[in-house]
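There are 2 protein chains.
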Amino acid sequence: MLQYDPAERGFEGPVVACIQMEPHVGAKRDNVARSIELVESAAKNGASLVVLPELSNTGYVFADREEAFSLAEALPDGEAAQNFAEAAQRLGIHIVAGVAERAEERLYNSALFTGPSGHIGVYRKLHLWNNEHRFFEPGDHGIPVFDTPLGRIAIAICYDGWFPETYRLAALQGADIVCVPTNWVPMPAQPDDRPAMALTLTMAAAHSNGIAIACANRIGTERGQPFIGQSLIVGGDGWPVAGPASGDREEILYAAIDLKRTRAERTLNAFNHLLRDRRADVYDPMPGTGRSSS
Amino acid sequence: MLQYDPAERGFEGPVVACIQMEPHVGAKRDNVARSIELVESAAKNGASLVVLPELSNTGYVFADREEAFSLAEALPDGEAAQNFAEAAQRLGIHIVAGVAERAEERLYNSALFTGPSGHIGVYRKLHLWNNEHRFFEPGDHGIPVFDTPLGRIAIAICYDGWFPETYRLAALQGADIVCVPTNWVPMPAQPDDRPAMALTLTMAAAHSNGIAIACANRIGTERGQPFIGQSLIVGGDGWPVAGPASGDREEILYAAIDLKRTRAERTLNAFNHLLRDRRADVYDPMPGTGRSSS
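Quick note, the sequences are listed as chains A and B, same order. Take the first sequence: its letters are residues 23 to 316, numbered as in my numbering. Take the second sequence: its letters are residues 23 to 316, numbered as in my numbering.
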């Protein structure tokens with residue numbers, strides 16, 4: 023049984039909740055209402071940081087750009103964003119929610135970060151997957167790390183996690199926890215009898231960076247596209263601390279993240295530290311990027 | 023059953039063998055003799071690329087730098103290197119073997135790469151683990167990728183695999199296969215009932231780069247230090263194609279790597295390619311490296 027009161031737990035850090043749910047494309051008001059219900063339930067159970075799936079307000083499989091455009095909203099002033107902000111303030115918690123963002127004529131696959139004191143920031147997905155290219159612009163905010171009372175928090179969305187650079191950039195900027203709103207789908211070579219490769223990527227990233235990672239996936243099938251659930255919270259040592267969740271049921275995962283321990287575990291022995299051992303002299307610049315060092 | 027004849031297999035690429043064995047510290051001549059026996063066995067079974075563990079000639083747990091120094095040898099002219107080179111030429115195969123290298127007064131934890139036409143190159147471990155810092159210099163050859171008739175091949179050694187940059191640098195330079203001589207040891211947070219985290223790191227690196235990775239670990243306990251076996255060959259989709267091997271037995275793993283398929287699988291759909299989707303504009307330069315772009 024998790025201890026949700028920091029005083030009882032004996033350590034500082036958030037109780038993270040990942041909400042696995044099923045948004046329905048186009049049903050924006052219903053999706054947000056159901057999200058808020060689940061966020062309230064998570065808060066009641068002691069969560070201080072709640073992660074919702076990618077595009078939790080709009081659904082994922084847009085018929086065309088017009089549909090995506092009509093469902094997207096400005097951040098942080100849109101209707102869904104205001105609802106999430108109101109819930110975060112009322113419940114005294116932090117919320118990371120995947121939302122379709124409209125910035126004038128441009129669309130982004132974004133995540134809103136809002137807390138007890140109001141709006142914190144927006145992350146825009148850097149690596150777009152498949153047909154997302156038809157609707158969205160690639161993210162242009164880099165990988166911001168937000169300094170909060172719960173620790174230093176970064177955000178990544180779904181296919182971002184296929185790029186080790188995503189987590190590395192977060193960790194090098196001091197992130198303790200990366201929140202991952204996601205809409206994981208089946209991958210071509212996935213064997214039926216093994217956990218999704220997404221879980222392996224998440225565990226490896228957590229272990230090699232010494233960061234906790236909280237992934238909230240959706241479930242269900244939308245316009246023929248299945249989603250795989252299996253939401254997961256991984257500790258800074260790379261091992262699951264909650265989940266993987268089922269492949270097909272609405273669920274909330276909970277895990278208490280000990281910030282001090284997460285940071286301490288990056289020191290592996292008298293000689294080794296996961297981040298300081300990087301051979302930046304060899305890596306930088308990565309070849310083929312068309313840049314040279316000054 | 024693997025088809026070892028390319029004509030029968032219907033595709034081009036090497037049959038990779040990973041030799042899991044137990045070197046004994048100081049017993050250099052015996053270690054090399056046993057290595058050659060196992061290499062001969064692998065070649066007889068159709069292997070064209072054979073990987074031996076880290077420091078396969080000397081053993082791992084040196085009492086002090088003097089012992090390491092006395093066991094290390096010049097590359098490619100040392101005695102073990104000559105034995106491996108002779109075997110590769112006689113058997114018509116490629117061999118990657120972890121060896122302790124002496125370069126004048128400096129020692130490196132290196133891997134020798136030798137083939138049917140003689141010496142190919144040397145890799146020097148970039149990321150030293152724990153007490154290795156007492157004996158070895160950090161590698162200064164970067165991550166070379168060797169163009170061979172079997173494909174483009176890079177080398178990493180043990181703790182190098184904790185750094186996603188290692189595999190990324192190999193992949194960005196066109197590597198198809200990364201050979202990993204290793205001496206994996208138990209990690210602090212490793213649960214008893216799960217496969218080693220090293221396997222997760224290997225699978226994630228293969229999947230996110232679209233490269234095959236062949237890890238040959240040692241077994242046994244040396245001067246109180248246990249090693250965990252579990253040698254593994256992973257395909258470019260990230261899933262094991264051979265192993266993991268046992269934790270404690272001498273074994274040889276075999277897998278045929280289809281180069282064309284490995285390369286083709288990097289294209290995920292009409293929009294996505296694992297390497298071309300990198301956001302170099304965001305990653306480079308990595309923060310905190312003290313370098314700025316020109």
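The beta carbon of each residue, even a glycine, is placed where N, CA and C say it ideally should be.
Reference A:Glu95; option with closest CA among A:Gln42, A:Leu290, A:Asn231 and A:Leu134: A:Leu134
Strictly below 7 Å CB to CB, what residues from chain A border B:Thr204? Within 7 Å Cβ-Cβ: nothing; B:Thr204 doesn't reach chain A, min ~15 Å.
As an exercise, report each continuous beta strand (DSSP E) stretch of at least 3 residues that is fully enclosed by the segment 212-273 of chain A, in chain order. You should have 234-238, 254-256 and 262-264.
Kindly list the residues whose CB is nearer than 7 Å to the CB of B:Arg156, restricted to its own chain and excluding five residues on each side of it in sequence; keep chain order. Arg87
Rounded C-alpha distance that separates A:Ile235 from A:Gly258: Distance between the alpha carbons of A:Ile235 and A:Gly258 is about 8 Å.
Could you tell me whether the segment 156-173 of chain B touches the segment 243-255 of chain B, where touching means 3 or more Cβ pairs closer than 8 Å? no
Where the alpha helix (DSSP H) through B:Pro171 begins and ends: Membership of B:Pro171 in any alpha helix (DSSP H) is not indicated, and neither H nor E is assigned to it by DSSP.
Any chain A beta carbon closer than 9 Å to B:Arg301: yes
I need the DSSP call for A:Gln42, collapsed to helix, strand or coil. A:Gln42 carries a strand assignment under DSSP once its states are collapsed to helix, strand and coil.
Can you have a look at A:Ser253 and say buried or exposed, based on whether 16 or more other CB atoms are within 10 angstroms of its CB? buried
What does B:Leu129 reach in chain A if we use C-beta pairs closer than 8 Å? The CB of B:Leu129 never comes closer than 8 Å to any CB in chain A; the least such distance is about 16 Å.
Short of 7 Å Cβ to Cβ, which residues in the segment 180-206 of chain A face chain B? Trp184, Phe185, Pro186, Glu187, Arg190, Leu191, Leu194 and Gln195
Quick one: what's got a C-beta closer than 7 Å to A:Gly310's C-beta in the same chain, skipping five residues either side? With a pLDDT of only 49 at A:Gly310, under the threshold of 50, the placement of this residue in the model should not be trusted, and no figure is reported.
Just the C-alpha distance for B:Ile199 and A:Phe185, rounded to the nearest angstrom, thanks. 19 Å
Taking the alpha carbon of A:Asn152 as the point to measure from, which residue in B:Thr289, B:Val304 and B:Arg301 has its own alpha carbon closest? Ranking B:Thr289, B:Val304 and B:Arg301 by Cα distance to A:Asn152 puts B:Thr289 first.
From A:Ala85 to B:Asn205, what distance separates their C-alpha atoms? 52 Å
Determine, using beta-carbon pairs with one atom in the segment 226-242 of chain A and one in the segment 278-286 of chain A, whether at least three such pairs fall under 8 Å. yes
Helix, strand or coil: which one does DSSP assign to B:Arg313? Caution is warranted here: a pLDDT of 43 is assigned to B:Arg313, below 50, making its placement in the model unreliable, and the coordinate value is therefore given only provisionally. DSSP places B:Arg313 in coil when its eight states are reduced to three.
For A:Met23, which residues of its own chain have a beta-carbon under 8 Å away from its beta-carbon, when the five flanking residues on both sides are left out? With a pLDDT of only 39 at A:Met23, under the threshold of 50, the placement of this residue in the model should not be trusted, and no figure is reported.
Whose Cβ in chain A lies nearer than 8 Å to the Cβ of B:Asn239? None at all; the shortest Cβ gap to chain A is about 18 Å.
Considering only the alpha carbon of each residue, which of B:Pro213, B:Val54, B:His163 and B:Ile241 lies closest to B:Val144? B:His163
What would DSSP say about A:Pro138, mapped onto helix, strand or coil? Residue state, collapsed to three classes: coil.
What are the boundary residues of the beta strand (DSSP E) that includes B:Ala119? It spans His116 to Ala125 - the beta strand (DSSP E) in which B:Ala119 sits, taken as one unbroken run.
When burial is assigned at 16 or more other CB atoms within 10 Å of the CB, is A:His149 buried or exposed? With 16 or more other Cβ atoms from the protein chains shown falling within 10 Å of its own Cβ, A:His149 counts as buried.
Does A:Leu281 get closer than 9 Å to chain B when you measure Cβ to Cβ? no
Would you say A:Asn53 faces chain B, with C-beta separation under 9 Å as the test? no
Should B:Pro98 go down as buried or exposed, given a rule of 16 or more other Cβ atoms within 10 Å for buried? Burial of B:Pro98 is indicated by the presence of at least 16 other C-beta atoms within 10 angstroms of its C-beta.
Mapping the DSSP letters down to three states, classify B:Arg146 as helix, strand or coil. For B:Arg146, the secondary structure class from DSSP, reduced to helix, strand or coil, is strand.
How about A:Glu244 and A:Gly81: do their beta carbons lie closer than 9 Å? Taking 9 Å as the Cβ cut-off, A:Glu244 and A:Gly81 qualify as a contacting pair.
Can you confirm whether the segment 111-124 of chain B touches the segment 69-81 of chain B when touching is taken to mean that 3 or more C-beta pairs between the two stretches lie within less than 8 Å? yes
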